[in-house]
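A.B. asks:
In this note's numbering, the protein residues as written are 5 to 175.
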């Protein structure tokens with residue numbers, strides 16, 4: 005099978021750039037809702053988003069897209085929603101805290117939806133690659149096992165996309 009770099013990317017570069025821009029907006033909107041600022045994993049994600057937006061041509065590479073999506077999903081599921089406020093929680097009146105909590109939950113749902121869409125696109129890309137490989141070699145290549153994270157191809161979607169997937173399958 006050809007390496008991922010010689011294939012079309014999982015998501016068109018233009019569409020992927022739009023998703024990265026949306027992620028930037030969501031991360032920027034999250035900062036004022038968190039009393040202690042972005043957790044370290046989200047700070048790293050914000051740096052990766054900035055780098056991607058500074059060099060949009062890097063979003064054309066399948067490997068870069070796969071890495072970006074996996075890192076985004078792992079970051080999103082590395083922090084739980086209640087821990088984002090920190091131990092002390094948001095400051096202000098009960099009404100202000102409730103409003104902050106509501107906004108945080110809405111932001112989290114949007115991040116979750118974006119992550120789920122990107123993971124679904126990447127998983128579809130892996131399936132399409134497997135079908136093409138099967139047709140050309142008359143055998144099924146090893147592809148990532150999304151339920152166990154076992155490596156069998158150029159990339160496997162380890163914890164991040166699996167968690168996004170299992171969260172929605174279970175709900």
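Glycine included, C-beta positions come from ideal geometry on N, C-alpha and C. No experiment lies behind these values; they were computed from the predicted model shown.
Relative to the C-alpha of residue 32, which residue among 17, 54, 105 is closest?
C.D. replies: Nearest C-alpha to residue 32: 54.
A.B. asks: What is the DSSP secondary structure of residue 2, reduced to helix, strand or coil?
C.D. replies: The first residue shown for the chain is 5 and the last is 175, placing residue 2 beyond what the model contains.
A.B. asks: Anyone know if the C-beta pair for residue 119 and residue 76 falls short of 8 Å?
C.D. replies: Going by C-beta atoms, residue 119 is nearer than 8 Å to residue 76.
A.B. asks: By alpha-carbon positions, which one of 113, 128, 134, 107 ends up nearest to residue 37?
C.D. replies: Residue 37 has its Cα closest to that of 107, out of 113, 128, 134, 107.
A.B. asks: Just to confirm, are residue 115 and residue 23 a CB contact at a threshold of 8 Å?
C.D. replies: Cβ atoms of residue 115 and residue 23: not closer than 8 Å.
A.B. asks: Note down, in chain order, each residue of its chain lying with its Cβ closer than 7 Å to the Cβ of residue 113, except the 5 sequence neighbours on either side.
C.D. replies: If we look at residue 113 and ignore the five residues flanking it on each side, it has no Cβ neighbours.
A.B. asks: Determine the direct distance from the alpha carbon of residue 50 to that of residue 99, and round the result to whole angstroms.
C.D. replies: If you take the alpha carbons of residue 99 and residue 50, they lie about 29 Å apart.
A.B. asks: Tell me the rounded alpha-carbon separation between residue 47 and residue 132.
C.D. replies: Their Cα atoms are separated by approximately 33 Å.
A.B. asks: How far does the alpha helix (DSSP H) with residue 71 in it reach, from first residue to last?
C.D. replies: Segment 66–82, the alpha helix (DSSP H) holding residue 71.
A.B. asks: Within the same chain, show all residues whose beta-carbon is closer than 6 Å to that of residue 16, passing over the 5 residues directly before and after it, in chain order.
C.D. replies: Excluding sequence neighbours, residue 16 sits near nothing in its chain.
A.B. asks: Taking C-alpha atoms, which residue in 25, 29, 129, 136 lies nearest to residue 59?
C.D. replies: Checking every option, the nearest Cα to that of residue 59 belongs to 25.
A.B. asks: Would you tell me roughly how many angstroms separate the C-alpha atoms of residue 117 and residue 137, rounded to the nearest one?
C.D. replies: Taking the straight line from one Cα to the other gives about 30 Å.
A.B. asks: Rank 109, 124, 74, 63 by C-alpha distance to the C-alpha of residue 20 and give the top, closest one.
C.D. replies: Of the listed residues, the one whose Cα sits closest to residue 20 is 63.
A.B. asks: Verify whether the separation of the beta carbon atoms of residue 57 and residue 28 is less than 8 Å.
C.D. replies: Their beta carbons are under 8 Å apart, which means residue 57 touches residue 28 by this criterion.
A.B. asks: Anyone know if the C-beta pair for residue 97 and residue 34 falls short of 8 Å?
C.D. replies: Not in contact: residue 97 and residue 34 (Cβ atoms no closer than 8 Å).
A.B. asks: Just verifying my parser: in three-state terms, what is the DSSP assignment at residue 101?
C.D. replies: Residue 101 falls in the helix class under three-state DSSP.
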